[in-house]
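Going by my numbering, the first residue of the sequence shown is number 485, and it counts up by one from there.
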Amino acid sequence: MKRISLLLGGAALALTSAFAIAQDSPESLLPPGFDKPRPSRTPAAAPAAAAPAAKSSAAAQPASGSVSVPVVQPVPGAAASAIPTLPSGMRIPTLKELEEMSPDELDELLGLKPKSDMPAAARRSMKQVGVLAASEGGFAAGSVARQNARLIEAALDKNNGRMVSRWGHILLRRALASRLDAPAGMNPADFTAKRAALLLRMGEGDVARALVQDVDAANYSPALIQTAMDAYAFTADITGICPVVSVHGGVRKDPDWQVLRAVCQSFQGDSTAGMTQLDRLEGGKVWPKIDILLAQKYAGAAGKARRAVTIEWDGVNEITPWRYALTIATGLEPPAALMRGAPRRYAYSAALAPMVPLQSRAAGADQAAAAGILSSAAMVDLYSQIYAQDDISGDWSQAAETLRTAYTASAPADRMAAIRTLWDGGSDPVARYSRQVLTAYAAARMPVAPDFADDAPDLIASMLAAGLDQNALRWAAQAESGSLAWGILAVAAPTRASPVDSAALSSFKSGDDSDAARKSQFLLAGLMGLRRVDDAAARDFAADLGLDLTRQTRWTRLIEQAADTNNRALVALLAGVGMQGDGWNRMTGLHLYHIVAALNRVGLGAEARMIAAEAVARG
């Protein structure tokens, strides 16, 4: 209140000063006759040139020392006759408006807002933005710097983020997280925003948040501000946006921004004012009531303005990003009925959120692992936490017990039975593949034996889901030529001694029960991309499948040109464009061939092999 009183007084003074300046001339306080200057004593013969003004002029002194002469101080830098005015468009707030302003808003009004949240010595360059340096596995910093900005923009903006391939997702994430120079002509902040936005569409909230945090708040563009808000909502890191709000407080007036400013104010030491702002926003119908209540509950955890807020879900029919973020951030969970049929992004968010109950995280992991968001090690760690909790029972507790058996049972048959149980426990093909990611290292411990020949394709696919190609290749001697296990290993192996012939291809097709012989198409595309098939056999097999791998499109020409220039990052971005889809039924042999071929040509052979093997296994 002291601060507001002082500011109100300053506002009143400003108003008074404005009115005084606006008068035509100063009003004399002297009796009549005393306000006229005395005649100059300068001789008539004095030069016409004006003499410098003295600090104290005799002409300015009254005849009697008992009377003062008023002195009008001219406005610095302005002519004596100029009348200062308020900046164009600026309006002096009313007293009521000043009373309702938060300290943050008053700082902004008075020009006290910081221009940067970082001291000068700690500010970072915008030349390269990213979290993965080339020495850490990222792509070269200048990979896209000389590329057409419109091409890069299209490759980022036109990708919906849903990859058919787990390994394709991992490759694209690596490219987007790399420390890169922006293309010439593109604002580095906007380039960062586009990369982070695609990461969010992919479900990579943590990586997107790390990427936007690599830029100082003072350098944020409007697009990066929005993407940062989305990233913090995805990760339920509500106060993470506060440094950006502090620096860019007045740039937006939309409902989300207004609520976040109030929440940030509560966590910046003025919880009472923050809660007051939220109460005012509730009355103004800025957000739906349920969302304002959640914001109040979250903000109420800060400072002395604690209050009990009851959350009622009656009448709430949908989940939204901020609604979900505030719910889990306050230690709650949305009703199960509300989450049924919700977009997959919420499962991805739950899988990564440490505040979500372990059972819900495991349910989310059944989607996130198949997508490429969680590694096999992360899945095992999650199930280990469930196993260690005595208060968890039911299906997830049983699944954790089964996983332990898959790793520790002394008899291989018992381990194999446990692995099968986990695979079959997946509710759909996506969840089943996530369970194969979960069991990758258990599958690698299985002995190569005829007793498990029927399980070989799934065991191989499980191992390759974690990149365990050397372990998977132990099954090569047991894999009959033309079988599914043989087909997966034919493209997964680092090298091949001799090209695949037509007899092996025909045998594979005879046992292919996939729709439109999709697995056979993918096998041929992978082998051709890796240059592991006899040319004549490839032509005959392609004709038999009705597959034309010589057809050209604008995309095929672009990815070939990127491979010609050995530009790994650009190949990865264009491969991501070609791998969009909710399932392998959305992939074509033509696209797979060009993706595998381009990756193999630029030295990304391991990724090419894993994508091809995944296609054959899951096609």
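Where is the CB? At the ideal position from N, CA and C, for every residue including glycine.
Here's the rule: buried if 16 or more other CB atoms are within 10 angstroms of the residue's CB, otherwise exposed. What is residue 579? Translated into the one-based positions of the sequence shown, residue 579 becomes position 95. So residue 579 counts as exposed.
Proximal residues to residue 1054 (C-beta, below 7 Å), its chain only, five neighbours per side dropped: The count along the sequence shown starts at 1 and reaches residue 1054 at position 570. So the qualifying residues of the chain are 627, 628, 631, 1046.
Buried or exposed: which applies to residue 955, given that a residue is buried once 16 or more other Cβ atoms fall within 10 Å of its Cβ? The sequence position of residue 955 within the sequence shown is 471, counting from 1. Flag for residue 955 reads buried.
Quick one: Cα of residue 430 to Cα of residue 953, how far? With the chain covering 485 to 1103 only, the question about residue 430 has no answer from this structure.
Cβ pair residue 1111, residue 986 closer than 7 Å: Examination of residue 1111 is not possible in this model, given that the chain is present from 485 through 1103 alone.
Those residues which DSSP pairs with residue 1017 across a bridge: If you number the sequence shown from 1, residue 1017 lands on position 533. DSSP lists 984 as partners of residue 1017.
Report the three-state DSSP secondary structure of residue 823 (helix, strand or coil). In the sequence shown, residue 823 corresponds to position 339, counting from 1. Note: residue 823 maps to helix in three-state DSSP.
Do you know whose CA, among 803, 996, 861, lies nearest residue 968's CA? Counting from one through the sequence shown, the residue named residue 968 turns up at place 484. Closest by alpha carbon: 996.
At which residues does the alpha helix (DSSP H) containing residue 914 begin and terminate? Position 430 of the sequence shown, counting from 1, holds the residue named residue 914. Start and end: 913 to 922.
Check this for me: beta carbons of residue 774 and residue 800, under 7 Å apart or not? If you number the sequence shown from 1, residue 774 lands on position 290. If you number the sequence shown from 1, residue 800 lands on position 316. Yes, they are a contact pair.
For residue 803, the nearest candidate out of 821, 1066, 1033, 815 (CA to CA): As a position in the sequence shown, residue 803 is number 319, starting the count at 1. For the residues 821, 1066, 1033, 815, the minimum Cα distance to residue 803 belongs to 821.
Does DSSP classify residue 647 as helix, strand or coil? One-based indexing of the sequence shown puts residue 647 at position 163. Residue state, collapsed to three classes: strand.
Thinking residue 836 and residue 714 are a contact (beta carbons under 8 Å), I'd like their distance in whole angstroms, please. In the sequence shown, residue 836 corresponds to position 352, counting from 1. In the sequence shown, residue 714 corresponds to position 230, counting from 1. With a Cβ gap of about 15 Å, residue 836 and residue 714 do not count as contacting.
Entirely within the region 890 to 970 and at least 4 residues each: give me those alpha helix (DSSP H) ranges in chain order. 896 to 908, 913 to 922, 924 to 928, 940 to 949, 953 to 956
Less than 7 Å separating the beta-carbons of residue 1012 and residue 648? The residue labelled residue 1012 in the question sits at position 528 within the sequence shown. The residue labelled residue 648 in the question sits at position 164 within the sequence shown. No. Outside cutoff.
Could you tell me whether the region 647 to 661 touches the region 675 to 694, using the rule of 3 or more Cβ pairs below 8 Å? yes
Alpha-carbon spacing of residue 518 relative to residue 757, whole angstroms: On the sequence shown, residue 518 is found 34 positions in, with the first residue counted as 1. On the sequence shown, residue 757 is found 273 positions in, with the first residue counted as 1. Here the model assigns residue 518 a pLDDT of 38, short of 50, so the residue's position is not dependable and the matter cannot be decided.
To which residues of the same chain is residue 705 closer than 7 Å at the C-beta, ignoring the five residues directly before and after it? Translated into the one-based positions of the sequence shown, residue 705 becomes position 221. So the qualifying residues of the chain are 671, 673, 674, 677.
Quick one: what's residue 743 bridged to in DSSP? The residue you call residue 743 lines up with position 259 of the sequence shown. According to DSSP, which records beta bridges pairwise, residue 743 is partnered with nothing at all.
Going by DSSP in three states, residue 975 sits in which element: helix, strand or coil? Counted from its first residue, the sequence shown places residue 975 at position 491. It is helical.
Go through its chain and collect everything with a Cβ distance to residue 843's Cβ below 6 Å, but skip five positions before and after it. Here residue 843 corresponds to residue number 359 of the sequence shown, with the count starting at 1. Contacts found: 880.
To the nearest angstrom, how far is it from the Cα of residue 761 to the Cα of residue 792? Here the question's residue 761 lines up with position 277 in the sequence shown. Here the question's residue 792 lines up with position 308 in the sequence shown. In a straight line, the C-alpha of residue 761 is about 17 Å away from that of residue 792.
Are three or more beta carbon pairs between the region 1055 to 1069 and the region 1029 to 1038 nearer than 8 Å? no
Under 7 Å, Cβ to Cβ, is there at least one residue of chain C near residue 1066? Here chain C cannot be found, since the structure has a single protein chain.
Using only the alpha-carbon positions, how far apart do residue 740 and residue 717 sit? The count along the sequence shown starts at 1 and reaches residue 740 at position 256. The count along the sequence shown starts at 1 and reaches residue 717 at position 233. Computed Cα separation, rounded: 11 Å.
Residue 892 beta carbon less than 7 Å from that of residue 906: Counting from one through the sequence shown, the residue named residue 906 turns up at place 422. Counting from one through the sequence shown, the residue named residue 892 turns up at place 408. No, the Cβ-Cβ distance between residue 906 and residue 892 is not below 7 Å.
Excluding the 5 residues preceding and the 5 following residue 921 in the sequence, name in chain order all residues of the same chain whose CB lies nearer than 8 Å to its CB. Here residue 921 corresponds to residue number 437 of the sequence shown, with the count starting at 1. Excluding sequence neighbours, residue 921 sits near 650, 853, 854, 858, 859, 860, 863, 946, 949, 950.
Grab me the residues of residue 532's own chain with a C-beta within less than 6 Å of its C-beta, minus the 5 sequence neighbours each way, in chain order. Within the sequence shown, residue 532 is the residue found at index 48, counting from 1. For residue 532, the predicted structure reports a pLDDT of 46, less than 50, and the residue's modelled location is therefore unreliable. A value from the coordinates is still provided. For residue 532, where only same-chain residues beyond five positions count, there are no Cβ hits under 6 Å.
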